[in-house]
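Colleague: To start, I am sharing the structure in question, which I have written as structure tokens.
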Amino acid sequence: MQHYTSRAAALVVLAALACSENPPGTPPDEGAAIVPPSEGAATPPEQLARSLALALGDAAFRAHVKAELDRSPFREHKLPFQRFLAAERGPALAAMARDAQRAIPLEMYLPVSEHRRAWTGGANVLVATA
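With this note's numbering applied, the sequence shown corresponds to residues 524 to 653, in that order.
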């Protein structure tokens, strides 16, 4: 159990896809209408996070993500999510890239430097959005 707890503590947050128009804990406006999404509506970040998590099930893709994060010149080795996906190949990633283009600009990174240094590209990855 201790080993599992240690591994769980070492999980990284790979996709902190920060996107919210309201500060956390802000309730919706009184009387705000609930409108179903239209064809051109923005892709929810949760959907993109799930797609990314599924893609990270592939060891080769994880290794590629790790290499790109390591090469990133940005603070915290962030990757512009949409730009990263646009450069990728394959039908599944192309579909994710199309969905991401309908979202606000997003970043992919490991926000905790200790986690960033410890992650070797293995399957012990947690994908999250905020």
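Ideal placement from N, C-alpha and C gives every residue a C-beta, glycine not left out.
Note that the coordinates shown come from a computational prediction; the quantities given were computed from them, not determined experimentally.
Using 8 Å as the threshold, is the C-beta distance between M631 and A578 below it?
Modeller: No, Cβ-Cβ distance for M631 and A578 is not below 8 Å.
Colleague: Considering just the uninterrupted stretch of the beta strand (DSSP E) at A651, what are its terminal residues?
Modeller: Where A651 is concerned, the enclosing beta strand (DSSP E) stretches over V648 to T652.
Colleague: Look at the alpha carbon of A576 and the alpha carbon of V648, and state the distance between them as a whole number of angstroms.
Modeller: So the two alpha carbons sit approximately 8 Å from each other.
Colleague: I think R639 touches H600, with their Cβ atoms under 8 Å apart; what is that distance to the nearest whole Å?
Modeller: R639 to H600, Cβ: 6 Å. Contact.
Colleague: Measuring only the C-alpha atoms, how far is P634 from T652?
Modeller: Cα-Cα distance, rounded: 12 Å.
Colleague: How about F604 and E591: are their beta carbons less than 8 Å apart?
Modeller: Taking 8 Å as the Cβ cut-off, F604 and E591 do not qualify as a contacting pair.
Colleague: With distance defined between alpha-carbon atoms, name the residue in R621, R598 and S636 nearest to A565.
Modeller: Looking at the Cα atoms, R621 is the closest of the given residues.
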